[in-house]
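Numbering (mature numbering (1 follows the signal peptide of the UniProt record, and there is no 0)), first residue to last: -21 to -1, 1 to 140.
Input: a single structure, listed below in structure tokens.
Structure representation (structure tokens):
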């Protein structure tokens, strides 16, 4: 349970950073890349904002963070022990999450994070060193209410970095 709470905290920090970036009127930051991240979330279409969708390579290439925000929603992956093209199963080290703010007037009080640490996978089919492509699916669980889940299917991404 501590792991889920820590991951939820990290998710909300990431969501706050993305929200701040979306308020920036300074134009595009070419170092952030651009791309697409699409999925079906509980039967509803999800398509990220291309200008905010990004991949970060951290810790000497061992960690990959993929973020695809859309208005008040975000799909995010954190892969530890990244070793290139391949399949990464969700685990305490490889985490997928879906977050939503249900009331934009109360972003803190209405934010819900659905985290997957066991039920899902991220398939990276191509990594050129400046672009990454792949597919994904996962079931995320609300850390505050384990009976509340979301199913993310038909996920695909193609992101420059």
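Just so you know, even glycine gets a beta-carbon here, dropped at the ideal spot from N, CA and C.
The closest CA to that of residue 102, considering only 19, 120, 115, 83, is found on 115. Bounds of the beta strand (DSSP E) holding residue 119 are 110 to 121.
At least 7 angstroms separates the beta-carbon of residue 113 from that of residue 75. In this structure residue 35 is exposed. Its beta-carbon is surrounded by fewer than 16 other beta-carbon atoms within 10 angstroms.
Our two residues, residue 40 and residue 129, have alpha carbons roughly 30 angstroms apart in a direct line. Residue 80 and residue 19 have their C-alpha atoms roughly 17 angstroms apart. Judged by beta-carbon spacing, residue 93 lies within the 7 angstroms limit of residue 77, meaning their Cβ atoms are closer than that value.
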